[in-house]
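For reference, each letter of the sequence shown is one residue, going -17 to -1, 1 to 312 in mature numbering (1 follows the signal peptide of the UniProt record, and there is no 0).
Heads up, the thing below is written out as structure tokens.
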Amino acid sequence: MLTKFAAVAFAIGVTSALPVPTGTWPESTGVVQNPAPLTIKAGEVFDGKMQTYERSDITCQGQKESGKKDAVFLLEPGATLKNVIIGKNQMEGVHCDQHDCVLENVWWDDVCEDAFSVKGGTASSVTEIRGGGARYADDKVIQHNGLGKVIIDGFFAQDFGKLYRSCGTCGAKTREVEVSNVYVVNPKSSVVTVNVDNNDKATLKNVYVESTKKNLKVCAKSYSTDGAEPTEAGSGADGKICIFEESDIHLNQKPSGSASNSTTVPTTVPSTTPTTVPSKTPSPTNDEGSDDDETPEPVDDDDEADGDADASSSPTPAKTGCRTRRRRN
């Protein structure tokens, strides 16, 4: 049974109810390469129709610091990105550099530095990740540098350092994350990491974890800094910073509908090799279903550090047949 504080937290916050993913990887319908990030304007909805988007001028440089100019997509406030696979040729996948972005069914085929970076905003800002997945992240999948809340629902992640990291080197900023109905395989560091001294809050519900680690950290805690490396502050549920019950975490249990109920941690997932290459980039649409044919505008901005120097927990790259990247220094 949920304790009173956990039940209240979820009644207020986690409102979506996507199914737990099975770990099946989507098939790409084609490849679109661009020499600069594509900007999805405020309030627009961009449907990638399950094509693979990547950069034509960039290849991954491991954990070398990069910024929004190295991203594939830049989302303005209220923008929605859906049905997209982020390809291997990029440094940063998707940036929400202001606030209140939505991702629906977005997949990262091979994460480089970070898959999704959230910056800016206020204490009331909410960014949502609905469905989708990511694999082969040496460090973080979702990097939260700004203020407000990130909601992660129905997400799959494999071979990664942390699914979510509240920035440990961005000073005194309070952040919140809600994680529900997710399936993660082989987290090297933690599922989420948050900051005790900033009064961060991580609420987890219905999380499936496959791992052979003896001391698995579902919710890790740290003390933040203004630039130096964060220090560890323990891990586990405490009713204040890390909020979950033992029954919320399903260790080495596969979600219903997956290939088998074995507790063996899988090392590969289906290939996303595309079969066609479209002739042009699909057009974004707004929430009213506009017929606007404009293509998102490429932009090129200066580098921005991700603000997390949490090097002590950077994992050794998984031997998955993908490129080997440098560990973060």
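Built from N, CA and C at the ideal position, the CB exists for glycine as well.
Comparing alpha carbon positions, the residue from Ile68, Lys156, Tyr206, Thr110 closest to Pro9 is Ile68. Between the alpha carbons of Ile134 and Asp53 lies a gap of roughly 25 Å. Sixteen is the threshold: when 16 or more other Cβ atoms of the shown chains lie within 10 Å of the Cβ of Gly144, as they do, the residue is buried.
Under the DSSP assignment, Gln34 falls in the beta strand (DSSP E) whose first and last residues are 27 to 38. Under a 10 Å Cβ-count criterion, Thr63 is classified as buried, with 16 or more other Cβ atoms of the shown protein chains found around its own Cβ. In this structure Tyr166 is in contact with Val3, their Cβ atoms being roughly 5 Å apart against a cut-off of 8 Å. By the Cβ rule, the segment 182 to 200 counts as touching the segment 234 to 241, because three or more pairs are nearer than 8 Å. In terms of Cβ geometry, Asn164 and Leu1 form a close pair [threshold 8 Å].
The Cβ atoms of Leu130 and Gly104 lie closer than 8 Å to each other. Under the three-state reduction of DSSP, Lys200 is assigned to coil, being neither helix nor strand. Counting only the Cα atoms, Glu75 lies some 7 Å from Gly50. At the C-beta level, Gly31 and Asn66 come within 8 Å of one another. Taking 8 Å as the cut-off, the Cβ atoms of Asn182 and Lys156 do not count as close. As computed with DSSP, His127 is found in a beta bridge with Val101, Ser149.
For Cys79, the enclosing beta strand (DSSP E) begins and ends at 75 to 79. Annotation: Gln44 is outside any beta strand (DSSP E) and is labelled neither H nor E by DSSP.
Beta-bridge partners assigned by DSSP to His233: Tyr191.
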